[in-house]
Structure formats: structure tokens, C-alpha cells
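Have a look at the structure below before the remarks.
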Amino acid sequence: MMNGLSLLRKRLLNSKQLFKKQAEPDTGFTLIEVLVVIVIVGILAAILSPSWLRFVNQRKVNAINNEIFRAIQEAQSKAKATNRSYSVSFRTNNRIPEIAVYPAGYFEINQNIEFRFDPYIGQFKGWKPLGEEASLQPGQVVLGANFDGVNKITGSQLVFARKPTNYNDKPQTITFDHTGILDPAVGPNLGTGTNPDGIIITVAEPKGKENNTNYNQPIEGTKRCVKVKTLLGALEMAEGKDCEKS
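Counting from 1, position 125 in the sequence shown corresponds to residue 468 in my numbering; the numbering is continuous, with no gaps.
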């Protein structure tokens, strides 16, 4: 009788242990499962990385375009506020677009000694890199314009990544007179036809990296621009094909 009870007790205990094992979920991952997860994550990263980088770079392009718009407005406002001509100049320096807002022309100081604000001389300290707030790195954005002189569009296409070395080297400059219009003293030229292109300053993501033949050329779909459309200095923002010369 005792042997029978002992046998029954062992069977019940074995049944409880078996039920407990079956009820407990499996813990951890097998090596194969870990490898599958790694492969899937790698594939997703390869697919999403270019799109994410393009998104980040486009945000930087947009931010710089807004900066350019504000800088032109600043030059126009200062011209009216100080009752004197003001200029805004553009250049590319070490693959970083730069901008300068400064009083234009000559003015009198220290007993008739004339001084000229010239952004292309070594002593000039007014150049400011664009995109500082966006943490812009060299080569991430390319700057272009459809003019090589002061308030005058020239050529048949936009010139990108230009770096004038002196004031006589056709600087990319917009100058407003003391009333805030494009300075008539320099004979502004906004193009021909009933709807001229106007002065265009364009930023875009470049096609390639340094030493690539296209690294200074823009990816068309990423273009953003500011236009000075009228002699009165009316500003307009555009993107894509609207930033091209007609």
C-alpha cells in the first residue's frame, strides 16, 4: 500500500514539473534568430540612410535660403534707415557659402579721407559663413547666382561656387540706394521681356563630393532661391525649375 502511494506521489510530482516546463515561455534568442535580426536591420539601414541624408541636407538648403532672404532684407532696411547705399555680397570660400552686408561705396572720415567698404580686401571682416545654425559642413550646399557684377545679370546660366578675389573681379553683389531700391547709379539689369528673370541667388545640394567633376553643380530638385524681381527691390522665394534662368 505504501509503495503504491509513493508511486502515485512521484507520478503527480512529475506531472506538475512537466506542466510547469510546458507553461514557461522560452527565454532568449537562438544564434540564427540574432543573425536574422542583424540582417534585417542592415537592409533597412541601407534603404533608409540615403533618404534620411537627403532629408537632412534639404533642411539645410532651406535654412540657408531663408538666411539669404533675411540678409537681403537687412541690406535694404539698413539702406533706408541710414539714408545711404548698402550692399550684400556672396562668395564661396573653402566650399562654404559666405555672405556680407555692408555700407556701399565711399564715405568721408577723418578730415575728408575717403574710405571704401570693400569685401574683397584682406582687412574686411564682414564675411559671415552661411548655415552656422544648421551646422553646415564644407561641400554640403552649393551657392550660385545669375549675375557676376553689381545688380547686373550676365551670361546664360547660373554661376555656382564662385570665389572673387577682388572688387574688380565681378563680385556677386546686390546694392540698394538710400531709398531701398536697386541702386540706379550702377545701372541695374534684371533681364529682358515682359517678365524678366530678375536677380537670382540659388542654393542646392551638390551632385558630388570634392574632386568629383560635378561637385560644384546642383541637384536640380533640391534648388531653393531668392529673386530680386523689380527695380524697387521686391523679393520672391522659389524652388526647383523656378530658380533657373528662362
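Heads up, the beta-carbon is just placed ideally off N, CA and C, and yes, glycines get one too.
If you draw a straight line from the alpha carbon of G448 to that of I386, how long is it in whole angstroms?
58 Å
Does DSSP put N436 in a helix, a strand or coil?
strand
Inter-residue spacing [alpha-carbon to alpha-carbon] between P446 and I543:
Taking the straight line joining both Cα atoms gives about 21 Å.
Would you kindly work out how many angstroms separate the C-alpha atoms of V493 and W395, rounded to a whole number?
38 Å
Starting from F519, trace the beta strand (DSSP E) both ways and give me its first and last residue.
It spans Q515 to F519 - the beta strand (DSSP E) in which F519 sits, taken as one unbroken run.
G487 lies in the beta strand (DSSP E); which residues open and close that run?
V485 to A488
Rounding to the nearest angstrom, what Cα-Cα distance links V484 and L575 in this structure?
Rounded to whole angstroms, V484 to L575 spans 30 Å at the Cα level.
Could you name each continuous alpha helix (DSSP H) segment of 4 residues or more that falls completely within the stretch 371-426, going from the start of the chain to the end?
Note on the stretch 371-426: whole alpha helix (DSSP H) runs with a minimum of 4 residues are 374-425, in chain order.
For the beta strand (DSSP E) that contains K570, what are its first and last residues?
R567 to V571
Between V569 and I407, is the Cβ-Cβ spacing less than 8 Å?
No; because the gap between Cβ atoms is not below 8 Å, this pair is not in contact.
Residues near E410 in its chain [Cβ-Cβ closer than 6 Å; skip 5 each side]
The residues are L473.
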